[in-house]
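> Take this structure first; my questions come after.
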Amino acid sequence: MMTDQSRDVAGGGGGMPPGFAVRLTVPLPHNEEAADDLIRPPLPAVDARAARRPVTPGLPPLPHPMLPRPDALKMSVPGAQGAVRPGRRVTPGERVNFPVAEPPPVKPLTDSPPPVAPPADEAVPGGPSARQAVSPPVEDAEAEEAEPVAGLRIDPLFGFVLFGALALGTLYLDIETRYTVLWTALILLGMTAHFIEPKADPQPFNLIWGAGVGFVFSLPLLVLAGRGLAETAAVLFPFESRAGLFQALVFAMPLGETIFFRGALQERYGFTASVAGAMVGSALLFWPAASGSLIYLVAGMIFSSVLAGIYSYVRSRYGLMAAYICQVTANLMLLFLPGFLP
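Following this line, the structure appears as structure tokens:
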């Protein structure tokens with residue numbers, strides 16, 4: 132137990148500031164025992180060996196089993212007489228094949244008669260029967276011959292560019308000569324770019340359909356607008372003789388346009404390309420003849436586009452020859468016969 136004794140040294144000597152108090156602590160004896168300093172507690176006993184141990188138990192050591200010898204991994208061959216010494220090459224006589232079970236017999240699903248042995252002449256290699264079996268069927272040979280060679284074909288667009296260049300290069304010629312040159316070029320380009328259905332023969336019924344479509348479409352126009360058709364034909368085809376106009380409308384013009392536009396161009400690029408090509412070709416063809424009257428040129432382009440659509444439909448439905456017959460019928464009724472009307 133402690134008591135405090137204070138002494139006021141304010142105003143006293145020693146240079147202390149006023150109001151400063153000093154407290155002196157005097158230890159009092161307790162149970163007749165007094166100590167000048169604090170009692171230090173005794174240190175506990177420390178086990179040095181236990182202090183070096185980890186707080187948590189450690190993992191057990193990882194065992195590493197001994198690897199077997201490489202010779203111990205070799206499989207023993209069933210049925211082998213004795214073991215083969217490791218490291219020695221096995222001779223062919225010491226090799227023993229694994230036993231393989233034979234497959235079970237398979238019963239046929241249907242009772243088929245036993246195969247008949249061929250006669251003696253057919254069994255001879257190179258005999259007549261053997262040659263017949265080796266030779267390909269007649270239908271396959273004809274089909275291979277009928278297929279056109281891909282290397283002989285040209286792109287129809289390239290031919291159309293040549294036709295356009297030729298049309299611009301023949302503007303200085305007279306109308307009849309120019310038409311003859313351009314239609315001949317169309318025939319040659321179409322024959323080079325397309326083979327006219329080498330395997331399919333034209334059916335008479337399809338030809339009748341082609342002529343019927345051309346007749347049904349042209350008859351109302353001939354009756355209702357015969358005089359206008361005659362004037363348009365006179366402007367677009369200023370031929371001196373009827374015979375020359377007939378040959379142009381029946382042979383040169385429909386043959387060239389059918390082979391090139393409905394044959395090569397439509398087969399390669401479809402219906403739309405055929406109609407568009409025919410419209411541009413008509414503009415290039417009739418431009419010099421109708422240059423003085425623009426209305427005839429525009430009417431000829433529109434009319435040719437409609438007719439080209441009909442011809443392309445007939446070609447896709449009834450064949451190329453039917454499209455040619457349809458165009459010949461339409462040319463005769465729309466461009467040739469109106470000249471004979473009163």
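Read in this note's numbering, the sequence shown has 238 at position 107, and its numbers run on one by one without any break. Glycine included, each C-beta is placed from N, C-alpha and C at the ideal position. All values reported here derive from a predicted model rather than from experimental measurement.
(1) Can you give the Cα-Cα distance for S413 and L360, rounded to whole angstroms?
(2) Hey, out of T403, P287, R184, whose CA is closest to S436's CA?
(3) Between the alpha carbons of Q334 and Y455, how many angstroms are there, rounded?
(4) With a threshold of 16 other CB atoms inside 10 Å of the CB of F382, please say whether the residue is buried or exposed.
(5) Where does the unbroken alpha helix (DSSP H) through G398 begin, and where does it stop?
(6) Is V528 near I441, with beta carbons less than 9 angstroms apart?
(7) Looking only at C-alpha atoms, which of A420, I433, L451, S349 sits nearest to P385?
(8) Please go through the same chain and pick out, in chain order, the residues whose beta-carbon is closer than 7 angstroms to the beta-carbon of E307, but skip the five residues on each side of it.
(9) Have a look at Y303, I318, L304 and flag the residue whose alpha-carbon is nearest the alpha-carbon of L293.
(10) How big is the Cα-Cα spacing for T323 and F291?
(11) Comparing C-alpha positions only, which one of G431, G387, L425 sits nearest to Q458?
(12) Where does T301 sit, in a helix, a strand or coil, going by DSSP?
(13) Going along the chain, which residues of its own chain have a beta-carbon closer than 7 angstroms to the beta-carbon of A364, five neighbours each way excluded?
(14) What are the boundary residues of the alpha helix (DSSP H) that includes E362?
(15) Does the beta-carbon of Y449 have 16 or more other beta-carbons within 10 angstroms, so that it is buried, or is it exposed?
(16) State buried or exposed for G189, treating a residue as buried only when at least 16 other CB atoms are found within 10 Å of its CB.
(17) When you compare only the Cα positions, how much space is there between L415 and P473?
(18) For the alpha helix (DSSP H) containing L428, list its first residue and its last residue.
(19) Span of the alpha helix (DSSP H) holding G470?
(20) Can you grab the Cα-Cα spacing for the pair A430 / D286, in whole Å?
(21) Quick one: Cα of A409 to Cα of G341, how far?
(22) Determine the burial state of V280: buried for a count of at least 16 other Cβ atoms within 10 Å of its Cβ, exposed for fewer.
(23) Excluding the five sequence neighbours on either side, which residues of its own chain have a C-beta within less than 8 angstroms of the C-beta of N462, listed in chain order?
(24) Within a Cβ cutoff of 6 angstroms, which residues of the same chain sit near E275, ignoring the five residues on either side of it in sequence?
(25) Tell me, to the nearest whole angstrom, how far the beta carbon of F346 is from that of M464; I am working on the premise that it is less than 8 angstroms.
Taking the coordinates as given:
(1) Rounded to whole angstroms, S413 to L360 spans 16 angstroms at the Cα level.
(2) Of T403, P287, R184, the residue nearest in Cα terms is T403.
(3) Q334 and Y455: Cα-Cα distance of roughly 13 angstroms.
(4) Exposed is the call here.
(5) Per the sequence presented here, residue 398 reads as Glu, with Gly not at that position. Under the DSSP assignment, E398 falls in the alpha helix (DSSP H) whose first and last residues are 397-400.
(6) There is no way to answer for residue 528, as the model of the chain reaches only from 132 to 473.
(7) Looking at A420, I433, L451, S349, the one whose alpha-carbon comes closest to that of P385 is L451.
(8) Contacts found: F370, G375.
(9) For L293, the closest of Y303, I318, L304 by C-alpha to C-alpha distance is I318.
(10) Answer to the nearest angstrom: the Cα atoms are 12 angstroms apart.
(11) Comparing Cα-Cα distances from Q458 to each of G431, G387, L425, the minimum goes to G387.
(12) Assignment of T301 by DSSP, reduced to helix, strand and coil, places it in the coil class.
(13) L466, P469, G470.
(14) Residues 357-367.
(15) The Cβ neighbour count for Y449, taken over all protein chains shown within 10 Å, is at least 16; the residue is labelled buried.
(16) By the 10 Å Cβ count, G189 comes out exposed.
(17) Between L415 and P473, the C-alpha separation is close to 31 angstroms.
(18) Counted as a single uninterrupted DSSP element, the alpha helix (DSSP H) harbouring L428 occupies residues 425-449.
(19) Unbroken run through G470: none, as it is neither H nor E.
(20) A430 and D286: Cα-Cα distance of roughly 30 angstroms.
(21) Computed Cα separation, rounded: 19 angstroms.
(22) With a pLDDT of 46 at V280, under the threshold of 50, the modelled position of this residue cannot be trusted, and the question is left open.
(23) L380, V381, M384, P385, listed in sequence order.
(24) The predicted position of E275 is uncertain, since its pLDDT is 49 and thus under 50; a value taken from the coordinates is nonetheless stated next. Result list for E275: empty, nothing under 6 angstroms.
(25) About 7 angstroms separates the two Cβ atoms, so the contact holds.
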